[in-house]
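Student: For the sequence shown, our numbering gives the first residue as 332, with consecutive numbering after it.
Quick reminder that beta carbons are idealized off the backbone N, C-alpha and C, glycines included.
As the structure is a prediction and not an experimental result, all values here were calculated from the model.
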Amino acid sequence: PSIRLASTGNNLPSSIKSTSINVVEKLQRPVLQLIINQPIDYPILKGFPSTLEKLIINSSNLRTPVDRRIFTLKNLHTLDLSDNNITELPSNMEMNHLHTLIMRSNQLKSFPNQFKCPLLKNLDLSQNQLEKIDLTILNLNTLERLNLSSNKIKFIPRYILRFLPQLQIFNISSNLIRFIPNCLACSGTRLHTFHYALNPLLSEKSITCRRFNNTLVELGLRAVIKYRIPYDFKTLPRTLCLLLDEYEICAHCALPCLISYGEIIVPKQLSANGVTVHVTAANQSFSVPVQERYCSIKCFNYGLKRAGMIQMLL
């Protein structure tokens with residue numbers, strides 16, 4: 332009746348007007364956020380609104396395989412699946428608008444091999460079962476916050492900040508870390524906050540590697556890096572490609588350390604380079620054992636002298 336009256340130009344009663352407007356608004360208003368905190372609320376048959384931008388599913392006993400309908404939500408920018416029993420995420424994940432992914436308190440042991448989130452800035456994988464920092468995580472080069480606390484990670488890749496140049500806050504507390512790579516102790520990066528408490532950190536200086544035997548392969552690889560020569564598995568053996576991907580620069584002269592290098596672990600104050608460190612354990616100080624690599628005997632002796640250790644003969 333209200334539509335018929337409007338089409339003839341007659342005025343609608345005020346009660347009909349307000350009712351019609353409310354109905355239209357309710358029909359047109361998209362659902363942007365959905366929060367599920369218990370299994371009974373999970374939309375098993377109904378599914379998820381395609382307009383969702385923020386989805387939170389906590390304490391809902393989600394298991395592997397995770398409902399794939401979640402990963403088809405094209406407008407989603409925040410996904411929180413904390414406090415569930417997820418052991419792995421689907422392979423070939425692609426969420427082009429996602430900027431926050433929270434997977435805290437699950438049973439994840441690894442990260443999917445193909446994970447495409449070109450805008451991801453905040454990743455929380457704390458309180459899981461991860462044993463290493465997967466290359467897939469390092470390929471998320473837009474990350475600004477990375478929380479890997481309370482896992483079983485034994486070491487931090489020495490090239491982490493080369494892969495994650497935007498990283499500002501890094502939490503690796505409560506793992507099995509013995510030392511940190513030199514890149515985290517260097518100035519000139521965006522990293523400003525580092526959480527490393529409750530790790531079994533080394534307490535004494537030590538020499539962990541000493542092999543100096545320059546070869547043509549070493550010189551060739553340095554040339555590839557210096558002149559930015561493109562390479563892939565078709566042009567170089569896989570082992571050499573991995574060396575080129577994962578090399579660390581000399582702590583003294585900044586040349587690449589590839590096959591021939593010396594390595595020492597020395598305590599450093601990260602705060603001296605503008606990094607705020609967070610320590611919660613009473614028996615830990617702000618001095619962190621840092622792994623330094625040196626490309627030659629000359630540079631290695633420089634590092635040993637600076638650390639107050641016995642130098643090598645040239």
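Output needed for G634: all residues of its chain with C-beta closer than 7 Å, excluding positions within five of it in sequence on either side, in chain order.
Tutor: A582, H583, I595, E623, Y625
Student: Could you tell me whether the region 533–548 touches the region 471–484, where touching means 3 or more Cβ pairs closer than 8 Å?
Tutor: no
Student: Cα separation between R509 and M434?
Tutor: 25 Å
Student: Compare the beta carbon distance of V415 and I388 with 9 Å and say whether it is the shorter of the two.
Tutor: In the sequence on display, residue 415 carries Asn and not Val. Going by C-beta atoms, N415 is nearer than 9 Å to I388.
Student: Where does G634 sit, in a helix, a strand or coil, going by DSSP?
Tutor: helix
Student: For L498, collect the residues of the same chain with a Cβ closer than 7 Å to its Cβ; drop the 5 residues on either side in sequence, then sort them by chain order.
Tutor: Annotation for L498: L474, E475, L477, L492, R521, L522 place their beta carbon closer than 7 Å to its own, counting only its chain and skipping 5 residues before and after.
Student: Please determine, among L404, P598, K377, I417, the residue with the shortest C-alpha to C-alpha distance to S391.
Tutor: I417
Student: If contacts are defined as beta-carbon pairs under 8 Å, then N459 and L439 qualify, I think. What distance do you get, rounded to the angstrom?
Tutor: 4 Å
Student: Exposed or buried, what is D455 when buried is set at 16 or more other beta-carbons lying within 10 Å of its beta-carbon?
Tutor: buried
Student: Does the beta-carbon distance from K599 to S618 come in below 9 Å?
Tutor: yes
Student: On the DSSP letters alone, give me the boundaries of the beta strand (DSSP E) that V548 sits inside.
Tutor: Here V548 belongs to no beta strand (DSSP E); instead the alpha helix (DSSP H) covers 547–557.
Student: Using 9 Å as the threshold, is the C-beta distance between V597 and L515 below it?
Tutor: No. Outside cutoff.
Student: So what does M424 bridge to, in DSSP terms?
Tutor: Residue pairing for M424: DSSP places it in a beta bridge opposite F446.
Student: Looking at the unbroken alpha helix (DSSP H) that takes in D576, where does it start and where does it end?
Tutor: 569–577
Student: So, at 7 Å on beta carbons, what are the nonlocal neighbours of Q642 in its own chain, with the 5 sequence-adjacent residues on each side left out?
Tutor: Contacts found: N632, L635, K636.
Student: Note down, one range per segment and in chain order, each alpha helix (DSSP H) of at least 4 residues found wholly within the region 491–524.
Tutor: 491–494
Student: Whose C-beta lies closer than 7 Å to the C-beta of D486 among residues of the same chain, with five residues either side of it excluded?
Tutor: Contrary to the premise, residue 486 reads as Phe rather than Asp in this sequence. Excluding residues within five positions, the ones whose Cβ falls inside 7 Å are I508.
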